[in-house]
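Protein chains: 2
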Amino acid sequence: MARPRTPILSRAGICAAALEIIDADGLPALSMRKLASALGVQVASLYSHVKTKDDLLEEIGNEIMAEVDVSGFSTGDWRQGVATWARSYRAALRAHPNMVPVLATGPGRRETALQRADAVHGGLVGAGWPPRHATLIGASTKYLVLGAAMTSFGKGFADDVQIYVDRYPHLDQAHRLRANAEEIDRDAFELALTAFLDGLESLYINGEFLAKGHQSCAVEDSHRSW
Amino acid sequence: MARPRTPILSRAGICAAALEIIDADGLPALSMRKLASALGVQVASLYSHVKTKDDLLEEIGNEIMAEVDVSGFSTGDWRQGVATWARSYRAALRAHPNMVPVLATGPGRRETALQRADAVHGGLVGAGWPPRHATLIGASTKYLVLGAAMTSFGKGFADDVQIYVDRYPHLDQAHRLRANAEEIDRDAFELALTAFLDGLESLYINGEFLAKGHQSCAVEDSHRSW
DNA sequence: ACCTGAACACCGTTCAAGT
DNA sequence: ACCTGAACACCGTTCAAGT
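Taken in sequence, the protein lines are chains A and B. Quick note on my numbering: the first sequence kicks off at 5 and runs consecutively. Quick note on my numbering: the second sequence kicks off at 5 and runs consecutively.
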């Protein structure tokens with residue numbers, strides 16, 4: 005039969021199956037043909053529900069961004085807001101690390117991403133940061149989260165001792181990194197977030213609104229609205 | 005002729021041509037066939053010089069990492085060492101942002117990357133940080149650099165005003181981000197790096213060696229050698 | 001509206017064959 | 001050793017055809 009009385013496919017079902025493949029085998033491993041066969045259907049059938057493969061990835065990205073929590077800004081405490089945002093953002097990405105390259109393209113037209121960006125910027129400005137600095141803090145935090153979600157520091161090292169011995173004396177324990185990768189990644193992220201927020205707080209309290217030692221983000225820029 | 009007296013191809017030439025395509029059109033745009041035709045040669049010819057496409061990408065990644073400067077650690081000033089490392093690392097990646105997903109896989113067996121990792125770890129430990137914290141600082145910095153190199157915060161926003169008006173009140177200036185993306189990305193990176201180093205410095209000076217408010221990186225972990 | 005089968009223009013990689 | 005031509009098993013997307 006060419007058309008069953010109740011549809012076999014749905015946009016949501018296609019997204020779910022695609023994300024399963026991506027999580028299990030990586031982003032490059034997702035092909036429309038493999039996806040179709042996982043759903044027990046012909047390739048061309050997918051195109052009745054999805055415009056292109058990119059369209060599909062955008063939708064999955066939109067779903068993932070929906071898990072990001074920006075409610076912390078409603079307390080009026082920007083530090084709490086950023087911390088909650090950053091942690092939930094990292095958790096959402098780490099649940100699907102192979103999707104990070106897609107999310108890294110920015111909010112674009114994904115409504116969940118735009119809604120989060122709006123809340124973050126509004127929260128920071130509402131707490132007293134000049135708009136220009138709200139932008140920079142949002143950007144910095146995003147860098148940290150995306151970087152932390154994309155790379156596993158520990159998993160980047162081979163667990164073969166022979167690679168390090170002799171040639172790289174300070175990496176003589178690097179072969180152990182892989183086994184503890186999860187913990188190291190978590191601790192490194194928390195260290196970075198805490199140190200970053202501490203540094204920001206002293207800027208804020210001192211009313212400097214300046215990255216010290218950096219010329220281009222100068223005082224006369226502070227009135228800009230972006 | 006099947007074999008010219010002087011070889012047409014070389015590994016270095018293939019890498020250079022491949023990087024040109026990647027820089028111009030993106031990582032997914034690199035195909036062995038397009039690369040071959042850019043070099044005026046048949047596809048199969050490439051495989052006399054390069055094992056696989058991944059092998060080619062690893063070599064290009066290795067070349068890019070060679071631009072990273074870790075000489076700042078030789079001064080004994082860890083803060084200067086990290087700053088120099090982070091800035092040159094970001095500069096090297098930003099020169100070839102489409103290569104970031106390849107570099108994000110970690111040092112692996114790339115010798116330039118391993119050499120840099122060795123210098124960073126050695127520099128931090130030599131300056132007095134416990135090995136465990138040297139690892140975390142190296143990881144944190146890498147997150148920041150990779151995130152900052154991979155995403156352009158500004159370029160992630162569409163420059164169409166209509167998208168933001170009404171629905172996202174705090175993003176009413178977001179359409180201007182694209183035009184100033186370069187500057188915003190630079191300033192945000194510098195802000196993050198400075199705030200992060202400031203935060204680390206106070207940890208170091210206080211001798212805490214602890215990310216405050218974070219339990220798992222506990223005191224009894226400080227003796228670990230990774 | 002939804003699924004199929006076939007087609008089109010692509011991929012990475014291998015391999016026997018030539019020089 | 002180095003390049004070719006052909007082949008194999010893949011891609012994303014389109015489209016007429018069926019119900």
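Using N, Cα and C, we set each Cβ at its ideal position, and we do this for glycine too.
ask   = So which residues of chain B does arginine 114 of chain A contact, with C-beta pairs closer than 7 Å?
value = Correct list: empty, because the minimum Cβ distance to chain B is about 10 Å.
- Query: At what residue ranges does the segment 93–153 of chain B contain a whole run of the alpha helix (DSSP H), taking only runs of 4 or more?
  - Reply: 104–107, 115–130
**Item:** Run of the alpha helix (DSSP H) containing phenylalanine 200 of chain A, from where it starts to where it stops
**Value:** 185–209
Return the residues of the segment 32–62 of chain B that lie within a Cβ-Cβ distance of less than 7 Å from chain A, sorted by chain order. none
If I'm right that arginine 15 of chain A touches valine 47 of chain A with Cβ under 8 Å, what's the distance once you round it to whole angstroms? Contact doesn't hold; Cβ gap of about 16 Å is too wide.
* To do: Give the residues from the segment 86–113 of chain B that approach chain A closer than 8 Å (Cβ to any Cβ), ordered along the chain.
  => Pro105, Ala108, Thr109, Gly110, Pro111, Gly112, Arg113
Do the segment 107–117 of chain A and the segment 155–165 of chain A meet, that is, are 3 or more Cβ pairs less than 8 Å apart?
-> no
Local conformation of phenylalanine 77 of chain B per DSSP, three classes:
helix
Quiz prompt | Exposure of asparagine 210 of chain B, with buried meaning 16 or more beta-carbon neighbours within 10 Å | solution = exposed
Exercise. Just the Cα atoms here: how many angstroms apart are aspartate 73 of chain A and threonine 139 of chain B?
Worked result: 29 Å
**Item:** Cβ-Cβ separation, proline 101 of chain A to alanine 153 of chain A (assumed contact under 8 Å), whole Å
**Value:** 6 Å
Requested in this report: Compare the Cα-Cα distances from leucine 60 of chain A to each of A/Ser206, A/Ala20, A/Tyr93 and report the closest residue.
Outcome: A/Ala20
Q) For methionine 154 of chain A, which residues in chain B fall below 9 Å Cβ to Cβ? A) Val104, Pro105, Ala108, Tyr147, Leu150, Gly151, Met154
8 Å Cβ cutoff met for glycine 30 of chain B and tryptophan 82 of chain B = no
Please classify tyrosine 172 of chain A: is it buried, with 16 or more other beta-carbons within 10 angstroms of its beta-carbon, or exposed?
buried
Which residues of chain A have a Cβ atom closer than 7 Å to the Cβ of threonine 10 of chain B, listed in chain order?
-> Near threonine 10 of chain B there are no residues of chain A at all, since even the closest Cβ is about 35 Å away, more than 7 Å.
**Asked** If you measure from the beta carbon of lysine 216 of chain B to each beta carbon in chain A, is any gap under 8 Å?
**Response** Unreliable positioning characterises lysine 216 of chain B in this predicted model, as indicated by a pLDDT of 42, which lies under 50. The coordinate reading is nonetheless provided below. Closer than 8 Å: yes.
Taking only the alpha-carbon atoms, compute the straight-line gap between methionine 103 of chain A and alanine 6 of chain B and give it to the nearest angstrom.
44 Å
Beta-carbon separation (whole angstroms), leucine 197 of chain A vs alanine 87 of chain A, contact threshold 8 Å: 7 Å
*In terms of residues, what are the limits of the alpha helix (DSSP H) holding glycine 160 of chain A?*
Glycine 160 of chain A -> no alpha helix (DSSP H), and no H or E assigned at all.
Does the beta-carbon distance from histidine 125 of chain B to glycine 151 of chain B come in below 8 Å?
no
key: Neighbour-count burial assignment, glycine 203 of chain B, 16 or more Cβ in a 10 Å radius   = buried
Chain-ordered chain B contacts of tyrosine 172 of chain A [CB-CB under 8 Å]: Leu118, Gln119, Ala121, Asp122
Q) Which same chain residues, not among the five before or five after isoleucine 25 of chain A, have their C-beta less than 8 Å away from its C-beta? A) Ala33, Leu34, Lys38, Leu39, Ala42
| Same chain, Cβ closer than 6 Å to glutamine 84 of chain A, five either side skipped, listed in chain order | Gly76
Taking the C-alpha atoms as reference points, what is the distance between arginine 182 of chain A and leucine 118 of chain B? 15 Å
Review point. For glycine 126 of chain A and chain B, any beta-carbon pair shorter than 8 Å?
Key: yes
**Prompt:** What are the residues of the segment 178–190 of chain B that lie near chain A, defined by any Cβ-Cβ distance shorter than 8 Å?
**Reply:** Ala178, Arg180, Leu181, Asn184, Glu187, Ile188, Asp189, Arg190
I need the DSSP call for serine 220 of chain A, collapsed to helix, strand or coil.
In this prediction, serine 220 of chain A has a pLDDT of 40, which is less than 50 and means its spatial position is unreliable; nothing more can be read from the coordinates.
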